Each structure stands twice: as structure tokens, then as C-alpha cells.
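S.K.: Could you have a look at this structure, given as C-alpha cells, before my questions?
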Amino acid sequence: MSALNPQDIEVLHSRLVTFFLDTMTEAELVVPYGKEGVLADIRKDVHVLSESYEEKGVCLKIKANPGTLTALKQRLAS
Numbered sequence: 882m883s884a885l886n887p888q889d890i891e892v893l894h895s896r897l898v899t900f901f902l903d904t905m906t907e908a909e910l911v912v913p914y915g916k917e918g919v920l921a922d923i924r925k926d927v928h929v930l931s932e933s934y935e936e937k938g939v940c941l942k943i944k945a946n947p948g949t950l951t952a953l954k955q956r957l958a959s
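Anchor point for the sequence shown: position 19 equals 900 in my numbering, and the numbering is continuous, going up by one each time.
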């Protein structure tokens, strides 16, 4: 593997992304309208799989580390 070979870099990137996504937990969250700060943090800190806008708020399907997911759920509950 060489850092000078673009194909090797792509393979390494793919392996790293797969490794980290496999260690994450998939979850669905509803972020109520008015909690845009939480929504911004979600978009910054986790992998968003899908997003839709419903009457209650923004519905997200995400993949996140278990600790991050717990912290997000606590913020949404308060």
C-alpha cells in the first residue's frame, strides 16, 4: 500500500469507514422543532442515514457510537 497511489488511498478510506460504521449502533430519533442545536450536533457528530420532516419534528435514522447516542437521547429528553 502506498500513499502515492490513489487507488490504495481509496481502499484504505473504504476500510476505515466500514470499520467505524460497523462499531456504531443504528437508531431512530425524533428531534422536536425548536431543538435545532441538537439537530446541528447530530449532523456534525453522527452518520445520518435518512431524514424526514413530520408533524412532531425531524425524524432521523442514524448510526452513532453508543455513548454519543445515549447523550443525544438525554438531551432530547430534557
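In this text, a Cβ means the ideal position worked out from N, Cα and C, and glycines have one as well. Since we're looking at a predicted model, the values are computed, not measured.
(1) Would you please state the rounded distance, in angstroms, between the beta carbons of residue 944 and residue 928? I believe it to be under 8 Å.
(2) Within a Cβ cutoff of 6 Å, which residues of the same chain sit near residue 889, ignoring the five residues on either side of it in sequence?
(3) Using the three-state DSSP reduction, which class does residue 933 fall into: helix, strand or coil?
(4) What residue range does the alpha helix (DSSP H) around residue 958 cover?
(5) For residue 912, is the classification buried or exposed, using 16 other Cβ atoms within 10 angstroms of its Cβ as the cut-off for buried?
M.R.: For this structure:
(1) About 4 Å; that satisfies the 8 Å criterion.
(2) By the criterion of a C-beta distance shorter than 6 Å, residue 889 is surrounded in its chain by 882, 883, once the five residues flanking it on both sides are discounted.
(3) Residue 933 falls in the strand class under three-state DSSP.
(4) Unbroken alpha helix (DSSP H) run through residue 958: 947-958.
(5) Its Cβ being crowded by 16 or more others within 10 Å, residue 912 is buried.
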